[in-house]
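Okay, so here's the structure we're looking at.
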Amino acid sequence: MIPDKISIVEVIQLMLAPGIMISACGLLLLAMNNKYSIVVNRIRLLNEEKRRFISKVSGKEFNYEETVRIESISLQIKKLAFRAKLVRNAVLSYTFGVALFVITSLLIGFKFIFDVEKLGSSITTIFLTGMISVLTGVIFAAYEAIKGYEIIQLEVKLD
738 MIPDKISIVE VIQLMLAPGI MISACGLLLL AMNNKYSIVV NRIRLLNEEK RRFISKVSGK
798 EFNYEETVRI ESISLQIKKL AFRAKLVRNA VLSYTFGVAL FVITSLLIGF KFIFDVEKLG
858 SSITTIFLTG MISVLTGVIF AAYEAIKGYE IIQLEVKLD
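For the sequence shown, the positions run 738 to 896 when this note's numbering is used.
See below:
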């Protein structure tokens, strides 16, 4: 018995699953890019505050409060830089996932157009790799949120 040919509507439906994941990753990327901008901006503000402190004192010894603040700023900058790396890793993971979902959609189309049955397992593998990439991004984003809370605790505790 010869299996029925798959219709164009069914191919489009098959291509929608990766398409939905592309859209979902787009939203995640938008949020992470916004967070990245905020973290980088905070680093710049803290660096500017640190420079103002140092130029204000210019050769004099820091008093206790100034020393505590400079140490707090330095520690926050270090932790924020680590946080920026986590956001970057999340963005890269989501972007890699999007690329894999686009490839998956293209391969589904190629499989239909060129009637290549051998692509089935490759398509599944690439799609699953994309899902793993998104999961990796989610893990980086969650870890970044935890680190963000630690920085806030540090700011509240030291000031």
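Glycine included, every Cβ here is placed at the ideal spot set by N, Cα and C.
- Counting only the Cα atoms, L856 lies some 40 Å from S774.
- The C-beta distance from A827 to E881 rounds to 7 Å, short enough to fall under 8 Å.
- The three-state secondary structure of S744, taken from DSSP, is coil.
- Going by beta carbons, F790 and E798 fall outside the 8 Å limit.
- Here the alpha carbons of K884 and T841 stand approximately 34 Å from one another.
- Annotation: the continuous alpha helix (DSSP H) that includes S809 extends over 801-851.
- Per DSSP, reduced to three states, the secondary structure at S795 is coil, with no helix or strand assignment.
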